[in-house]
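There are 2 protein chains.
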Amino acid sequence: MADVARLAGVSSQTVSRVSNGHPSVVESTRRQVLNAMQQLGYRPNSAARALKRGEFRTIGVILFTLATTGNSRTVEAIAAQAAQEGYAITLIPVAMPTQDGVLGAFTRLGELAVDGVIVIMEVHLLDAANLTLPPGVQVVVVDSDAGDRYPVVDTDQADGARQAVRHLLDLGHETVWHVTGPAESFSSERRAAAWRDVLTEAGRPVPPVQRGDWSALSGYEAGLQLAAEPSCTAIFCANDQMALGVLRALHERGRRVPDEVSVVGFDDIPDAASYLPPLTTVHQDFAEVGRRCVQGLLDQIRRHSLEPGTVLVPTTLVARASTAPPPVFQ
Amino acid sequence: MADVARLAGVSSQTVSRVSNGHPSVVESTRRQVLNAMQQLGYRPNSAARALKRGEFRTIGVILFTLATTGNSRTVEAIAAQAAQEGYAITLIPVAMPTQDGVLGAFTRLGELAVDGVIVIMEVHLLDAANLTLPPGVQVVVVDSDAGDRYPVVDTDQADGARQAVRHLLDLGHETVWHVTGPAESFSSERRAAAWRDVLTEAGRPVPPVQRGDWSALSGYEAGLQLAAEPSCTAIFCANDQMALGVLRALHERGRRVPDEVSVVGFDDIPDAASYLPPLTTVHQDFAEVGRRCVQGLLDQIRRHSLEPGTVLVPTTLVARASTAPPPVFQ
DNA sequence: CACCCTCATGTTTACGCAAACATCACACCA
DNA sequence: TGGTGTGATGTTTGCGTAAACATGAGGGTG
Chain A
1 MADVARLAGV
11 SSQTVSRVSN
21 GHPSVVESTR
31 RQVLNAMQQL
41 GYRPNSAARA
51 LKRGEFRTIG
61 VILFTLATTG
71 NSRTVEAIAA
81 QAAQEGYAIT
91 LIPVAMPTQD
101 GVLGAFTRLG
111 ELAVDGVIVI
121 MEVHLLDAAN
131 LTLPPGVQVV
141 VVDSDAGDRY
151 PVVDTDQADG
161 ARQAVRHLLD
171 LGHETVWHVT
181 GPAESFSSER
191 RAAAWRDVLT
201 EAGRPVPPVQ
211 RGDWSALSGY
221 EAGLQLAAEP
231 SCTAIFCAND
241 QMALGVLRAL
251 HERGRRVPDE
261 VSVVGFDDIP
271 DAASYLPPLT
281 TVHQDFAEVG
291 RRCVQGLLDQ
301 IRRHSLEPGT
311 VLVPTTLVAR
321 ASTAPPPVFQ
Chain B
1 MADVARLAGV
11 SSQTVSRVSN
21 GHPSVVESTR
31 RQVLNAMQQL
41 GYRPNSAARA
51 LKRGEFRTIG
61 VILFTLATTG
71 NSRTVEAIAA
81 QAAQEGYAIT
91 LIPVAMPTQD
101 GVLGAFTRLG
111 ELAVDGVIVI
121 MEVHLLDAAN
131 LTLPPGVQVV
141 VVDSDAGDRY
151 PVVDTDQADG
161 ARQAVRHLLD
171 LGHETVWHVT
181 GPAESFSSER
191 RAAAWRDVLT
201 EAGRPVPPVQ
211 RGDWSALSGY
221 EAGLQLAAEP
231 SCTAIFCAND
241 QMALGVLRAL
251 HERGRRVPDE
261 VSVVGFDDIP
271 DAASYLPPLT
281 TVHQDFAEVG
291 RRCVQGLLDQ
301 IRRHSLEPGT
311 VLVPTTLVAR
321 ASTAPPPVFQ
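Chains A and B, in that order, are what the protein sequence lines are.
Heads up: the first sequence at position 317 corresponds to 317 in full-length UniProt numbering, and the numbers run straight through without jumps.
Heads up: the second sequence at position 259 corresponds to 259 in full-length UniProt numbering, and the numbers run straight through without jumps.
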């Protein structure tokens with residue numbers, strides 16, 4: 001900076017003012033400084049800047065994996081929105097979804113240059129790990145029921161599941177079977193609860209749950225079980241990938257979709273439209289979730305206030321070719 | 001820090017030594033300092049640290065999208081490896097895959113606190129945008145042929161494609177049709193070139209290429225074309241998602257896979273094993289790519305030397321149920 | 001014409017940390 | 001007993017920036 005100042009024939013403070021767009025610099029001076037900057041290839045040192053300003057203009061994102069559609073799409077939206085607000089985002093991967101893993105991530109977090117954190121994971125893991133957020137670090141949580149303690153942004157899981165189950169009942173199915181996700185997952189539990197509620201409200205029998213782990217393979221295994229149930233004509237899968245596995249199992253067992261069995265997924269990943277048959281599923285707006293996260297976090301950072309509460313992003317049912325009225329028994 | 005020093009009854013320098021694990025601090029002193037730190041909730045200010053040390057211990061990752069399996073898996077591996085080396089990673093999304101978008105990302109990069117950058121995208125876009133990397137920032141590029149100018153880490157696209165095509169020829173197919181990715185993609189071009197080479201070397205006819213855009217939908221459209229070609233018995237798709245679309249098109253047109261037509265993909269995404277039928281595909285080791293990127297970049301950062309050259313990560317063919325010998329014509 | 005105000009610019013200082021150097025106590029040896 | 005070395009700890013300093021304050025030139029007003 002001093003070099004630039006010398007070359008431009010001004011003080012370093014003026015250089016600082018130019019690089020921050022301060023108004024009270026006369027146009028001719030500004031141009032000289034800009035010129036000198038370019039000539040010397042000057043770029044401000046962000047560490048010094050952060051030190052002086054007391055903020056990093058960076059958001060940390062803590063998550064287990066980018067391998068799920070939901071996570072990677074959410075992170076992408078977070079990154080885009082943050083960039084627009086002039087914030088960078090730092091990824092803090094949690095090596096393993098265990099207390100130790102989480103603890104490790106938070107330890108690293110303590111030394112990281114972030115003004116706030118977005119946590120994309122089950123909060124009960126946070127609780128279990130007995131964590132304390134570094135003071136001054138704000139937080140927003142995704143995919144959680146901790147709305148009473150933290151600001152939470154999430155897809156409206158319950159409503160999405162309700163739409164899926166109602167859609168199947170409306171088509172005339174007697175009841176709906178369910179392939180759920182892992183028990184540790186809040187989304188998974190929420191979808192299952194909504195499925196159960198709709199059936200109960202409608203006075204329908206609630207069949208036993210098939211448990212998967214979000215993977216297509218686990219869906220396949222669940223599908224083999226369901227294919228063996230002659231009374232099963234409608235299946236609601238907690239995500240699209242498990243639905244893919246279910247479709248394969250039904251196909252292999254010779255049960256035609258949607259003529260004999262209807263299948264609904266959740267997420268609306270791009271591939272779902274190309275499944276055999278194209279999958280009816282619940283569309284999640286991950287981009288909106290990401291956007292809301294950043295907005296919520298920046299609000300907190302600017303106002304220095306933590307306001308618990310849950311923001312729900314709505315879902316829509318996308319009807320494709322995997323659902324139809326049940327076969328007529330006589 | 002001064003507060004901690006006061007409480008522990010030592011100098012601030014000793015606090016610094018403790019927080020950096022410097023050896024020459026006596027155990028009793030260390031414990032006192034640690035105690036004081038905990039009591040006061042002290043955590044080192046990473047901005048000041050970076051300022052003093054002249055390095056940020058952060059790696060930037062520039063990419064267009066996390067929506068593709070390859071990118072998100074690579075980023076995940078980069079993040080994991082970087083964390084292990086004590087580096088954080090900062091995501092720098094490029095809003096749009098245009099010159100302006102790239103230029104914008106690099107402008108932001110100039111102000112970011114990173115010691116090096118991993119660029120996951122087509123380098124010709126970099127060239128086109130006439131970019132200069134900020135001095136002192138090292139770079140590693142993924143998915144590119146710029147091995148003469150930058151260090152490049154990439155999957156061995158050509159070998160993977162060769163394995164796929166040979167597999168089909170070995171099964172007895174007369175020739176192999178190809179669904180390629182977008183023309184701007186280096187990976188896509190490389191796979192297509194290898195496909196062509198193998199056919200030419202084997203003296204087989206080279207059918208016209210069907211061009212897709214990586215999406216399952218584009219694969220579906222290409223598949224409709226191919227389904228109408230009676231002579232087409234083997235299809236090599238440049239990625240798994242397009243293969244998914246091709247499978248759907250063939251199914252809808254009543255062409256059975258693999259009895260009448262064989263299909264091979266590329267990537268080996270987890271879902272590929274659950275397609276109808278389970279897809280034979282080329283497995284990419286994204287995790288290894290990510291690891292090598294970080295290693296290469298840290299090497300550069302530590303030695304301050306840029307060494308162009310390409311590191312190729314090998315691929316393996318995973319044979320599943322979508323390939324078989326061609327139907328016998330008589 | 002003297003006063004004061006405004007605005008561009010310069011000077012000083014501190015942000016929090018750690019390298020470099022300084023100091024001091026103690027042990028060991030001749 | 002004095003000298004010397006070693007290792008623990010303290011003191012000084014500067015990293016690059018921007019806020020706060022200081023300066024000084026010009027312009028307007030009574």
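All C-beta atoms in this analysis are idealised placements derived from N, C-alpha and C, irrespective of residue type, glycine included.
- The Cβ neighbour count for valine 94/B, taken over all protein chains shown within 10 Å, is at least 16; the residue is labelled buried.
- Rounded to the nearest angstrom, the gap between the Cα atoms of alanine 113/A and threonine 58/A is 7 Å.
- For valine 75/A, at least one C-beta of chain B is nearer than 8 Å to its own C-beta.
- Looking at the DSSP output, valine 117/B sits in a beta bridge with Gly60/B and Val139/B.
- Residues of the same chain with a CB within less than 6 Å of the CB of alanine 2/A, apart from the 5 flanking positions on each side, are Ser12 in chain order.
- In the three-state reduction of the DSSP assignment, proline 270/A falls in the helix class, which pools H, G and I.
- Under the DSSP definition of a beta bridge, tryptophan 177/B partners with Ile235/B.
- With a cut-off of 8 Å on Cβ pairs, the stretch 182-194 of chain B is in contact with the stretch 149-166 of chain B, counting three or more such pairs.
- At a C-beta separation below 7 Å, glutamine 241/A has these neighbours in chain B: Asp271.
- Residue pairing from DSSP leaves leucine 40/B without any beta-bridge partner.
- Residue Val246/B holds the alpha-carbon nearest to the alpha-carbon of tryptophan 177/B among Glu85/B, Val246/B, Ile62/B and Ala88/B.
- With a cutoff of 8 Å on beta-carbon distance, glutamine 81/B and arginine 291/B are scored as near each other.
- Here the C-alpha atom of cysteine 232/B lies approximately 47 Å from the C-alpha atom of phenylalanine 186/A.
- The C-alpha of alanine 105/A is placed about 22 Å away from the C-alpha of proline 182/A.
- The alpha-carbon separation between leucine 109/A and serine 215/A amounts to approximately 30 Å.
- The Cβ-Cβ distance between leucine 171/B and alanine 324/B falls below 8 Å.
- Put simply, the CB of proline 44/A is near chain B, with a gap under 8 Å to one of its CB atoms.
- Looking at the DSSP output, aspartate 154/A sits in a beta bridge with Leu312/A.
- Under the three-state reduction of DSSP output, threonine 280/A falls in the strand class.
- Non-local C-beta neighbours of valine 261/B in its own chain, meaning closer than 6 Å and more than five positions away in sequence, comprise Thr233, Leu250 and Arg255, ordered along the chain.
- Relative to the Cα of threonine 180/A, the nearest Cα in the group Pro208/A, Asp154/A, Glu201/A and His167/A belongs to Pro208/A.
- With contacts defined as CB atoms closer than 8 Å, leucine 226/B and glutamine 210/B qualify as a contacting pair.
- Take the alpha-carbon of aspartate 271/B and the one of glycine 296/A: they are about 34 Å apart.
- The alpha-carbon of valine 264/B is positioned some 14 Å away from that of tyrosine 220/B.
- Residues Arg57 of the same chain have their beta carbon placed closer than 8 Å to that of glycine 86/B, with the five preceding and five following residues left out of the count.
- Taking CB atoms only, serine 305/B has no neighbour in chain A less than 8 Å away.
- Apart from the 5 residues on each side of it in sequence, aspartate 285/B sits with its Cβ closer than 6 Å to the Cβ of Val313 in its chain, given in chain order.
- One Cα belongs to aspartate 213/A, the other to alanine 67/A, and the distance between them is close to 13 Å.
- Interface with chain B (8 Å Cβ-Cβ cutoff): glycine 290/A is excluded.
- Fully enclosed beta strand (DSSP E) runs of no fewer than 3 residues occupy 234-237 of the stretch 193-257 of chain B, in order along the chain.
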